[in-house]
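What follows is one structure encoded as structure tokens, with my remarks underneath.
Number of protein chains: 2
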Amino acid sequence: MSIRVGFDILENTIKKALINAGLNEDRAALCAGIHTESSADGVESHGANRVPRFVKYVKRGWVNPNGEPELVGKKGLAENYDGNLGPGITNAIFCTDRAIKLADEHGIGLVTIKNTTHWMRGGTYAWRIAESGKIGISWIATESCMPMWGSDEPSVGNNPFCMAVPRENGEIVLDMAMSQYAYGKLGVYRLAGKQLPYPGGFDEAGNLTSDPGEIEKSRRILPAGYWKGSSFALVLDLIASALANGKSGAELDDEKKGSCTGCCQVFIAIDPYLFGDKESIQRKWDYRVQRADSAHPSNIKFSVKSPGEGTMERRKYSMENGINIDEKIWVQIKAIADGDLNIVDIS
Amino acid sequence: MSIRVGFDILENTIKKALINAGLNEDRAALCAGIHTESSADGVESHGANRVPRFVKYVKRGWVNPNGEPELVGKKGLAENYDGNLGPGITNAIFCTDRAIKLADEHGIGLVTIKNTTHWMRGGTYAWRIAESGKIGISWIATESCMPMWGSDEPSVGNNPFCMAVPRENGEIVLDMAMSQYAYGKLGVYRLAGKQLPYPGGFDEAGNLTSDPGEIEKSRRILPAGYWKGSSFALVLDLIASALANGKSGAELDDEKKGSCTGCCQVFIAIDPYLFGDKESIQRKWDYRVQRADSAHPSNIKFSVKSPGEGTMERRKYSMENGINIDEKIWVQIKAIADGDLNIVDIS
């Protein structure tokens, strides 16, 4: 069961929980704000739901609450950092802001980081770049949790890939992972006793299925676009680990630590007005988006939406009605805020 | 029916055909080489098969055989060209080589072009960047030929997106379009009387189907990854048309000209050794690829392959055994080479 909790209450409770986990006040405030925003935007699986797991990783020593990005390389428009296993959010926000700054100076900024930890919602950073007025592109290399196409064992990451456009009438943001459905989404359907809308993986006999529980058992989630998703994931891994000069997914697999612990990330910011004036580019974007959104709907009950538009609607609803949160997760976060760090990760 | 034709014979015949279409000898040689290579790599639909359509577009005035890229903007690592509706291949090769040069100077190079025409196989340019030793990223904005998710009419492009990694033991190249299957592929299955291996679109009643003929009738090809593919396509369109300061897909739709006529393209080259030495990056890539390729296969008869590896096997086979080409297309190309420009596009 889910309940709705006000933004400030959720944010303050997460902040207290993170201070108890060892973050200083500023870092706890930054991370709490981002966890809360992700849940407000409807991405609960990578928002508030991840707080208990984050605390568990800090306790295990897989995340260093005081780790900070350290410059290890700089060439013109490009900078490379060592994340020192600091919190994924504080590291990634730092890199995002550096990419924006480098794009101010050079037209394009490329920032890479190695030895960082889970950045939570991938879209956070591309949204932030777009809100600064730049085009944002970001992705990660991470451990294997999805079979390569043609394989029946986890052999490639389910990497997020994000692209964001700073449209003044509403940012347009692609925030996709390489699997058709995340494991978190499978759990949501299984708990609700529902089948997935479309096949999301293979059962243990190797048949494509929409049954979430069967896919959880086989660990054979389906790459988005079948062969396309796992190919894309591998190439993202190769490029990120090279540009960040850090660990590839295979090297993370060897370490056998949790999700995105010690991973590489890439942040690119580009000035959209390199060759066109702002007014005409914004007009071009409005026209393109309006044409996409006014495409004839296949079901008269639903309108066509460009990526990011649904997120903004959910954000508005959450601000007015409170943020949706699973009751059990909410109990856990309150317990951590009250000083009990012995939680079990149920996300 | 298909036959196999030697590389040199196919290349020389295409070259003669393109000279008859109005290209000068150098440009005809360049384009013929690339059409032939694409067919050799197994991408016939965007290789030799496209020669008759290209000739038709030149005859209509949609492609200017003498159009050349003209510099219209330059800012440090970024350059913007007007393609003057020249041949897509000669324009794109020029931009590719400029992006490589800019990456030599700045670590990263960004080249955009507007008012260009179909670049044929998208992977050509990412492969070329990788073969030069750089990481390549490229994509285009183009006219609508795929429904947005939730729509039943063409409302977004089926844009190619390519990423290439310069691994010395074999380039790893993602060359994907945003639909699950290209229209060309549907035709191949229909002519063979076969169903698609996986659903590839909707029939006219709105049901997901694997019947290629039904999808061709409805024009509702399936975006790869369902909602993911059409979202990705729209964002690629918005970014390419802004950075090239050219026409978006919606503006191309208004013009009602053929495929990719007057479109925008983006070429990015990145030095992979910005922060790591060449030997360790190459070793990292080899290890990652070897781990992916040695994943346990779901069918013992097939091995797992990283993207690009299948292409290289097909290339080798074509060089040894001749290039596969549809007999009817081959008759058409020979007719154009003999001076008959009145061909019908059957591709």
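Going line by line, the protein sequences match chains A and B. The first sequence begins at 1 in full-length UniProt numbering and counts up by one. The second sequence begins at 1 in full-length UniProt numbering and counts up by one. We put the CB at the ideal spot given by N, CA and C, even for glycine.
Closest by C-alpha distance to residue i, when choosing among the options
| i | options | result |
| --- | --- | --- |
| B/Pro199 | B/Ile300, B/Ala192, B/Cys162 and B/Ile215 | B/Ile215 |
| A/Ile172 | B/Ile239, B/Val63 and B/Ile325 | B/Ile239 |
| A/Asp203 | A/Thr96, A/Arg219, A/Arg190 and A/Ala192 | A/Arg219 |
| B/Leu186 | B/Asp152, B/Glu168, B/Leu174 and B/Leu222 | B/Leu222 |
| B/Ala17 | B/Pro65, B/Leu196, B/Met1 and B/Ala244 | B/Pro65 |
| A/Arg291 | B/Met148, B/Gln332 and B/Lys334 | B/Met148 |
| B/Ile140 | B/Gly249, B/Trp285, B/Leu23 and B/Val5 | B/Gly249 |
| A/Ser298 | B/Ile268, B/Ser303, B/Ala205 and B/Gln265 | B/Ala205 |
| B/Thr311 | B/Asn80, B/Lys59 and B/Glu44 | B/Glu44 |
| B/Gly73 | A/Leu274, A/Asp340 and A/Gln282 | A/Leu274 |
| A/Ala40 | A/Asp340, A/Glu327, A/Arg314 and A/Gly88 | A/Arg314 |
| B/Ser2 | B/Asn342, B/Leu341 and B/Ile325 | B/Ile325 |
| A/Gly76 | A/Cys162, A/Gly6 and A/Val111 | A/Val111 |
| B/Tyr287 | A/Tyr181, A/Ser241 and A/Pro307 | A/Ser241 |
| A/Ala295 | B/Gly61, B/Ala21 and B/Ser144 | B/Ser144 |
| B/Lys15 | B/Gly6, B/Gly22, B/Ala29 and B/Asp8 | B/Ala29 |
| B/Gly67 | B/Tyr57, B/Gly83 and B/Val55 | B/Gly83 |
| B/Pro154 | B/Lys217, B/Ile300 and B/Met176 | B/Lys217 |
| A/Gly225 | A/Ile108, A/Met163, A/Lys247 and A/Asn158 | A/Asn158 |
| A/Phe7 | A/Asn20, A/Asp175 and A/Gly42 | A/Gly42 |
| B/Met176 | A/Glu251, A/Trp227 and A/Ala78 | A/Trp227 |
| A/Ser179 | A/Pro197, A/Pro160 and A/Gln282 | A/Pro160 |
| B/Gly170 | B/Gln282, B/Asn321, B/Ile346 and B/Phe302 | B/Gln282 |
Through-space distance from residue j to residue i, alpha-carbon basis
| i | j | result |
| --- | --- | --- |
| A/Glu70 | B/His106 | 23 Å |
| A/Met319 | A/Leu10 | 12 Å |
| B/Asp253 | A/Asp152 | 43 Å |
| A/Lys316 | A/Gly133 | 21 Å |
| A/Leu243 | B/Asp104 | 15 Å |
| residue 420 of chain A | A/Ser210 | Look at the range of chain A in this structure, 1 to 347, and you will see that residue 420 of chain A is not part of it. |
| B/Leu85 | A/Met146 | 43 Å |
| A/Pro272 | A/Trp285 | 11 Å |
| A/Val156 | A/Leu234 | 6 Å |
| A/Ile270 | B/Ile137 | 14 Å |
| A/Ser280 | B/Val266 | 19 Å |
| A/Ile93 | A/Ile268 | 13 Å |
| A/Thr13 | A/Ala337 | 6 Å |
| B/Val304 | B/Gln195 | 24 Å |
| B/Arg4 | A/Thr90 | 58 Å |
| B/Gly229 | B/Met120 | 20 Å |
| A/Asn80 | B/Ser231 | 30 Å |
| B/Lys257 | B/Val55 | 15 Å |
| B/Val165 | B/Gly308 | 10 Å |
| A/Gly22 | B/Thr96 | 49 Å |
| A/Val344 | A/His46 | 17 Å |
| B/Ile323 | B/Val188 | 17 Å |
| A/Lys59 | B/Asp277 | 35 Å |
Outcome for residue i when other beta-carbon atoms lying within 10 angstroms are tallied against a minimum of 16
| i | result |
| --- | --- |
| A/Tyr168 | Looking at the sequence provided, one finds Glu at residue 168 of chain A rather than Tyr. The residue is exposed, with fewer than 16 neighbouring Cβ atoms inside 10 Å. |
| B/Asp26 | exposed |
| B/Glu37 | buried |
| B/Glu255 | exposed |
| A/Asp237 | buried |
| B/Glu327 | exposed |
| A/Gly122 | buried |
| A/Asp340 | exposed |
| B/Gly61 | exposed |
| A/Asn342 | exposed |
| A/Asn207 | exposed |
| B/Asn24 | exposed |
| A/Val63 | buried |
| B/Gly193 | exposed |
| B/Lys247 | buried |
| B/Ile300 | exposed |
| B/Pro212 | buried |
Checklist entry - Is the region 24 to 39 of chain B close to the region 96 to 115 of chain B, with three or more CB pairs under 8 Å? => result Counting Cβ pairs under 8 Å, fewer than three are found: no touch.
Checklist entry - Is the region 258 to 267 of chain B touching the region 286 to 305 of chain A in the sense that three or more CB pairs, one from each, lie closer than 8 Å? => result No, because fewer than three Cβ pairs between the region 286 to 305 of chain A and the region 258 to 267 of chain B fall closer than 8 Å, the two stretches do not touch.
Next on the checklist: If contact is defined by three or more beta carbon pairs under 8 Å, each pair taking one atom from either stretch, is the region 124 to 140 of chain B in contact with the region 97 to 105 of chain B?
Outcome noted: With a cut-off of 8 Å on Cβ pairs, the region 97 to 105 of chain B is in contact with the region 124 to 140 of chain B, counting three or more such pairs.
Item to check | Residue ranges of each beta strand (DSSP E) within the region 314 to 346 of chain B, 3 or longer | outcome: Secondary structure remark: continuous beta strand (DSSP E) runs of at least 3 residues inside the region 314 to 346 of chain B, in chain order: 323 to 326.
Checklist entry - Is the region 323 to 343 of chain B touching the region 48 to 64 of chain B in the sense that three or more CB pairs, one from each, lie closer than 8 Å? => result Yes, the region 48 to 64 of chain B is in contact with the region 323 to 343 of chain B.
Checklist entry - Counting only runs that start and end within the region 144 to 217 of chain A, where is the beta strand (DSSP E) found for 3 or more residues in a row? => result Scanning the region 144 to 217 of chain A from its first residue to its last, the whole beta strand (DSSP E) runs of 3-plus residues come out as 154 to 156, 160 to 165 and 172 to 177.
Checklist entry - If you scan the region 57 to 134 of chain B from start to end, which runs of the alpha helix (DSSP H) of 4 or more residues do you find wholly inside it? => result Segments of the alpha helix (DSSP H) lying fully in the region 57 to 134 of chain B: 88 to 106 and 123 to 131.
Checklist entry - Hey, which unbroken runs of the alpha helix (DSSP H) at 4 residues or more fall wholly within the region 220 to 294 of chain B? => result Correct list: 227 to 243, 249 to 255 and 278 to 293.
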